[in-house]
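Taking it in order: structure first as structure tokens, then the write-up.
There are 2 protein chains.
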Amino acid sequence: MVASQTPRGFTDDERRTWAPLTAVLELLPHQIDAQLLRDEELTHFDYATLSMLALAEGRRMRMTDLATGVNATLSRLSHAISRLEKRGFVRRTRTPDDARATTVQLTADGHRKVIRATPEHVRTVRSFVFDALDAEQRRQLHDITAALLARLDPEQRMLASRMT
Amino acid sequence: MVASQTPRGFTDDERRTWAPLTAVLELLPHQIDAQLLRDEELTHFDYATLSMLALAEGRRMRMTDLATGVNATLSRLSHAISRLEKRGFVRRTRTPDDARATTVQLTADGHRKVIRATPEHVRTVRSFVFDALDAEQRRQLHDITAALLARLDPEQRMLASRMT
DNA sequence: CCAACATCATTGAACTGTCAACTATTCCCG
DNA sequence: CGGGAATAGTTGACAGTTCAATGATGTTGG
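The listed protein sequences correspond, in order, to chains A and B. Using UniProt numbering, read the first sequence as starting at 1 and increasing by one per residue. Using UniProt numbering, read the second sequence as starting at 1 and increasing by one per residue.
Here it is in structure tokens:
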């Protein structure tokens, strides 16, 4: 058996981290989505969208800002908003100062929806993430995540808008 | 403004970690997929599948074992294998000892594909993950990831098969 | 001032993953 | 041994994401 015949490119150390990391990258979003879909028929992306609207002044935002905030393309957001609009959680309105822009308004129903969905969502995140770590690991995870995000999103558009 | 009107369920500390974590959970898989798609027209899932086959004895595995290894449902794997088979990277064969089972065989083309795809993939992972962290953080990430995976996949089916 | 270019957003087609239904085989146990 | 349950895998319909094309409005420099 010749060494170059196998596609191993990672060092053993790297693989020991990367292998479980890919698993987490796959399983964690899946579990988060699963809970929200089961209990509220919302994807995590839907929830994040409604949630960001709920925290905005006037509970409304322009498509572009919202897209930046939830880290999505305008296309993805537009499709998602169409679905949420059909369900009555959100309303598209015109933007006074720019006729190209669309402003998305959270409806009363939409607001109730987020409020209702939040507690169980928070419990789920805690059970899969925070409860599995001790206080020091939580701090470490925070720093590591920030370092990774700096590479992935050099302009920090994501972080900035979420830290409101 | 009444406090209960906002859907805040996380503590500030939790949110400071969870917000960037969700961003990483979204952006990192996206970047990994983007590189493989751009350079090799493979999703990361395709790559993981071919890669696991390449490391198996005889470069072949049963669908169920492969599905467990790449942490997928049989349905998802079956669709993916169909696509890879159409491209000639993989072949479905019968399993001698169980007529229900399908054994997937990596072809010579498939093997060459993984070999060719690996170096740039490894570079990409390093640039987005390992290069962003110091030695201690890499160790911490390993431990944190393992702890999270223990929650997400209590039977450790994933880890076990990947650590071969 | 107006032509080029940039920005904001929507749409439809193609693709991937999920879910439920289905076929075929094997296992288990009375 | 025979019939019901479990296992292995495939399939087709559906939902969400991406990508490229399009339209509409805004901005800017000659």
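Glycine residues also receive a C-beta, built at the ideal position from the N, C-alpha and C atoms. The structure displayed is predicted, hence computed values, not measured ones.
Item                                                                                                                                                                                                                    : Value
Between B:F128 and A:R151, how many whole angstroms is the CB-CB distance? I'm expecting something under 8 Å.                                                                                                           : 5 Å
Residues of chain B with CB under 9 Å from A:G58, in chain order?                                                                                                                                                       : The premise fails here: A:G58 is roughly 12 Å from chain B at the closest Cβ pair, so nothing lies under 9 Å.
Between B:D13 and B:L25, what straight-line distance do the alpha-carbon atoms span, to the nearest angstrom?                                                                                                           : 18 Å
Is there at least one Cβ from chain A nearer than 8 Å to B:H79's Cβ?                                                                                                                                                    : no
Is the CB-CB distance between B:D153 and A:A23 below 8 Å?                                                                                                                                                               : yes
Could you name each continuous alpha helix (DSSP H) segment of 4 residues or more that falls completely within the UniProt domain "HTH marR-type" (18 to 150) of chain A, going from the start of the chain to the end? : 44 to 55, 63 to 69, 74 to 86 and 108 to 128
Closer than 8 Å, Cβ to Cβ, to anything on chain B: give me those residues from the segment 115 to 136 of chain A, in chain order.                                                                                       : I115, A117, T118, P119, H121, V122, V125, R126, S127, F128, V129, F130, D131, A132 and L133
In its own chain, which residues sit with a C-beta less than 8 Å from the C-beta of B:G88, not counting the 5 before and 5 after it?                                                                                    : T107, D109 and G110
If contacts are defined as beta-carbon pairs under 8 Å, then B:I81 and B:R92 qualify, I think. What distance do you get, rounded to the angstrom?                                                                       : 7 Å
Can you grab the Cα-Cα spacing for the pair B:R62 / B:A147, in whole Å?                                                                                                                                                 : 29 Å
Run through chain B and tell me which residues come within less than 7 Å of A:E26, C-beta to C-beta.                                                                                                                    : N71
For A:V70, which of A:F10, A:K86 and A:L50 has the nearest alpha-carbon?                                                                                                                                                : A:L50
If you draw a straight line from the alpha carbon of A:D134 to that of A:L141, how long is it in whole angstroms?                                                                                                       : 10 Å
Helix, strand or coil for A:E14, going by three-state DSSP, please let me know.                                                                                                                                         : helix
Which residues in the same chain have their Cβ closer than 6 Å to the Cβ of B:D39, if we skip the five residues on either side of it in sequence?                                                                       : E120
With a threshold of 16 other CB atoms inside 10 Å of the CB of A:T73, please say whether the residue is buried or exposed.                                                                                              : exposed
Along chain B, in chain order, which residues have C-beta atoms closer than 7 Å to that of A:L149?                                                                                                                      : P20, A23 and V24
Does the beta-carbon of A:A145 have 16 or more other beta-carbons within 10 angstroms, so that it is buried, or is it exposed?                                                                                          : The sequence shown places Thr at residue 145 of chain A, rather than the Ala named in the question. Its Cβ being crowded by 16 or more others within 10 Å, A:T145 is buried.
On a CA-only basis, which of A:T17, A:R83, A:E57 and A:E136 is nearest A:L42? Give me that one, please.                                                                                                                 : A:R83
Could you tell me if B:P96 is buried or exposed, where buried requires 16 or more neighbouring beta carbons within 10 angstroms of its beta carbon?                                                                     : exposed
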